[in-house]
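Asker: Numbering (UniProt numbering), first residue to last: 1 to 586. Ideal placement from N, C-alpha and C gives every residue a C-beta, glycine not left out.
1. Residues bridged to residue 362 by DSSP?
2. So residue 350 is in the beta strand (DSSP E); what residue range does that whole segment cover?
3. Tell me which residue opens and which closes the alpha helix (DSSP H) that residue 27 is part of.
4. Quick one: measure Cβ to Cβ for residue 171 and residue 266, integer angstroms, because I've assumed they're closer than 8 angstroms.
5. How is the alpha helix (DSSP H) around residue 447 delimited, first residue to last?
6. Quick one: residues in its chain with C-beta nearer than 6 angstroms to the C-beta of residue 70, no 5 flanking neighbours on either side, listed in chain order?
7. According to DSSP, is residue 503 part of a helix, a strand, or is it coil?
8. May I ask which residues mark the beginning and end of the alpha helix (DSSP H) holding residue 155?
9. Can you give me the start and stop residues for the alpha helix (DSSP H) that residue 375 sits inside?
10. Can you list, in chain order, the residues of its chain with a C-beta nearer than 8 angstroms to that of residue 552? Leave out the 5 residues immediately preceding and following it.
11. Just checking, does the region 9-29 make contact with the region 73-84 on the three C-beta pairs under 8 angstroms criterion?
12. Tell me residue 536's beta-bridge partners as DSSP assigns them.
13. Let me check understanding here. Comparing Cα to Cα, which of 225, 100, 226 and 292 lies closest to residue 169?
14. In three-state DSSP terms, what is residue 329?
15. Just the C-alpha distance for residue 584 and residue 567, rounded to the nearest angstrom, thanks.
16. For residue 507 and residue 520, what's the separation of their Cα atoms in angstroms?
17. Could you check if residue 283 is buried or exposed, using at least 16 other CB atoms within 10 Å of its CB as the buried criterion?
18. Checking 8 angstroms against the spacing of the C-beta atoms, do residue 534 and residue 542 come in under that value?
19. If you compare alpha carbons, which of 454, 565, 185 and 110 is closest to residue 414?
20. Mapping the DSSP letters down to three states, classify residue 558 as helix, strand or coil.
21. What does residue 548 pair with, by DSSP beta-bridge criteria?
22. I want to see whether chain B comes within less than 8 angstroms of residue 448, judged by CB atoms only; does it?
23. Would you call residue 487 buried or exposed, if buried means 16 or more other Cβ atoms sit within 10 Å of its Cβ?
24. Do residue 308 and residue 85 have their C-beta atoms closer together than 8 angstroms?
25. If you draw a straight line from the alpha carbon of residue 339 to that of residue 458, how long is it in whole angstroms?
26. Let's test the definition: count the other Cβ atoms within 10 Å of the Cβ of residue 514 and tell me whether it reaches 16, buried, or not, exposed.
27. How should residue 497 be labelled, buried or exposed, when 16 other C-beta atoms within 10 angstroms of its C-beta is the threshold for buried?
28. Alpha carbon to alpha carbon, how far is residue 192 from residue 185?
29. In whole angstroms, what separates the C-alpha of residue 207 from that of residue 432?
30. Figure out for me which residue from 443, 101 and 121 has the closest Cα to the Cα of residue 316.
31. What's the C-alpha gap between residue 310 and residue 452?
32. Suppose you measure from the CA of residue 342 to the CA of residue 2; what does that come to, to the nearest Å?
33. Which whole-angstrom value describes the C-beta separation of residue 624 and residue 412, a residue pair presumed to lie in contact below a C-beta threshold of 8 angstroms?
34. Excluding sequence positions up to five away, which residues of its chain have a Cβ less than 7 angstroms from the Cβ of residue 164?
35. Cα separation between residue 319 and residue 354?
36. Between the Cα of residue 312 and those of 131, 13, 550 and 563, spot the shortest distance and give me the residue it belongs to.
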């Protein structure tokens, strides 16, 4: 139960609902116990008539009718109070589920990039859906039935003891055996539930990857192979599920068998006690049988509750694993930071934790407000790492980055990122309208601003060619659009934000040279007063920059303006000549 202690803060938060639910439970149980008493009383009335024939039948009838009406009334009241109990405790569990999902989602947002490199999307989805649902069953039904069982047991045993201590003792004899069985089965359920949840995550992760890469699978005609892989994984998951179900299925029959034994005990020993005169009325035996049967569902529910608790603990353990992770990137400055846009790298080095690749080695450069820096180099030279470090998706492992003269970790993290418009190398669009994807950079943007941004990104003409134009709904990850169109929508999303810093990470790789030229001309006007960093493989994207740096294996091997670099022997000049000759051939 130690993993579930994490949820105690929610019980404290909803203490009034929790307390009210307990009060309703107690009152409901008290009213439900009127029925056995009234039935016992009715038996005694009938027995009194059989012993004394002078008692008027009308009196007997009136008392029996009175008892029946009282049984109906108390049952209705008990039912209504049980309804209120469910309304308080189950509704409370829904609020806790809501809070826990939000907490999990906030943690997902706060965790660093390295976390997402080490965890699969399907597993993360399973935790926020399946695992949280399992936990909800604990804070709702499991807690409710536990409280209900405890209160009913307490009240019923007290009532039974007051009627006949000796018969009560005989009745509860099977309970120690019940407790032992529950303990053994619960331990096994906990083990099997943990294994099953792990396999469920594997199925979710595998399915998510297949859905995301369905075009590649179809292109390589690998449907049958992946179908077989899915069948094998699903069979393993089914096997673990059946193993869990086999153990869980033992609870019901076991509980009912023990309750049946208790009924037989009451009838046998109660009958003997009636014969020897210890019990004065058959009604007492009937009352005890009703008491035992009132314990049937609570006792039977112990197995179900125990199963839910074990499953919830297994799920909460999985949630706790990452809820307790401290994000690597933290906001160290709660005060507002005003970003002007001057960026300087001082001997910056960075090594990726997951691969141990040293992406940058002692990189030094400065970009002043209003200047444009272009970064060129071969694939894997460290270009995109610079963009990630500027937006503080990672923290440097060596050296220092300054923003407006302040060390980047001392700048308010949210103000820093709000001051950056970034177009990533892999353009990501949401499954929403084109308009909303552009407005993602500025939620309160007008339609005129959206169109202006699209025109500057040279994608407006493509958009108005669609049937629903800007209201066209994109498929997952923007699958409706071509690669070049996705890149240009991403550019529109960045420039509509109008931030002081713009980062373009090889975002023109999928557009033709003519469109690239048009976009760059538009950007030259937009970026006049902004700090702009352009990562590219093309000289055409870099030639108008104030400064150009060439990276190779994480080091700067060349630096200068376009005119300076084409007159130097090296990577830039050879790339320029190569791309110039390719352009002439076209």
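Answerer: With the given structure in hand:
1. Its beta-bridge partners do not exist; DSSP assigns none.
2. Looking at the DSSP string, the run of the beta strand (DSSP E) that includes residue 350 is 343-351.
3. From DSSP, the alpha helix (DSSP H) with residue 27 extends over 15-32.
4. The pair is a contact, with the Cβ atoms about 6 angstroms apart (cut-off 8 angstroms).
5. Secondary structure note for residue 447: its alpha helix (DSSP H) is the uninterrupted segment 447-456.
6. Closer than 6 angstroms at the Cβ level, and outside the excluded window around residue 70, lie 38.
7. Residue 503 falls in the strand class under three-state DSSP.
8. If you look at residue 155, you'll find it in the alpha helix (DSSP H) that goes 143-163.
9. Judged by DSSP secondary structure, residue 375 falls outside any alpha helix (DSSP H) and instead within the beta strand (DSSP E) spanning 372-377.
10. Closer than 8 angstroms at Cβ, skipping near neighbours: 377, 378, 381 and 571.
11. Contact holds: three or more Cβ-Cβ distances are below 8 angstroms.
12. Residue pairing by DSSP puts residue 536 in a beta bridge opposite 376.
13. Out of 225, 100, 226 and 292, 292 has the C-alpha closest to the C-alpha of residue 169.
14. Of the three classes helix, strand and coil, the one that applies to residue 329 here is coil, per DSSP.
15. Residue confidence for residue 584 is low, a pLDDT of 49 falling below 50, so the modelled location carries little weight; the figure read from the coordinates is stated next. Their backbone Cα atoms lie some 20 angstroms apart in a straight line.
16. Taking C-alpha positions only, residue 507 is separated from residue 520 by approximately 11 angstroms.
17. Classification for residue 283: buried.
18. Cβ distance < 8 angstroms, so residue 534 and residue 542 count as in contact.
19. Residue 414 has its Cα closest to that of 110, out of 454, 565, 185 and 110.
20. In the structure shown, residue 558 falls within a strand segment according to DSSP collapsed to helix, strand and coil.
21. Beta-bridge partners of residue 548 (DSSP): 374 and 560.
22. Here chain B cannot be found, since the structure has a single protein chain.
23. In the assembly as shown, residue 487 is a buried residue. Its beta-carbon has 16 or more other beta-carbons within 10 Å.
24. Contact annotation: residue 308 and residue 85 have beta-carbon atoms that are not nearer than 8 angstroms.
25. If you draw a straight line from the Cα of residue 339 to the Cα of residue 458, it comes to about 29 angstroms.
26. With fewer than 16 other Cβ atoms within 10 Å, it is exposed.
27. Under this definition residue 497 is a buried residue.
28. Per the coordinates, the alpha-carbon of residue 192 lies some 11 angstroms from the alpha-carbon of residue 185.
29. So the two alpha carbons sit approximately 22 angstroms from each other.
30. When only C-alpha atoms are compared, the closest one is 101.
31. Between residue 310 and residue 452, the C-alpha separation is close to 57 angstroms.
32. Approximately 50 angstroms between the Cα atoms of the pair.
33. An answer regarding residue 624 cannot be provided, because it is not within the stretch 1 to 586 covered by the chain.
34. The beta carbon of residue 164 sits closer than 7 angstroms to the beta carbons of 279 and 284 from its chain, once the five residues preceding and following it are set aside; these are given in chain order.
35. If I take the Cα positions, the gap works out to 22 angstroms.
36. Among 131, 13, 550 and 563, the Cα nearest to that of residue 312 belongs to 131.
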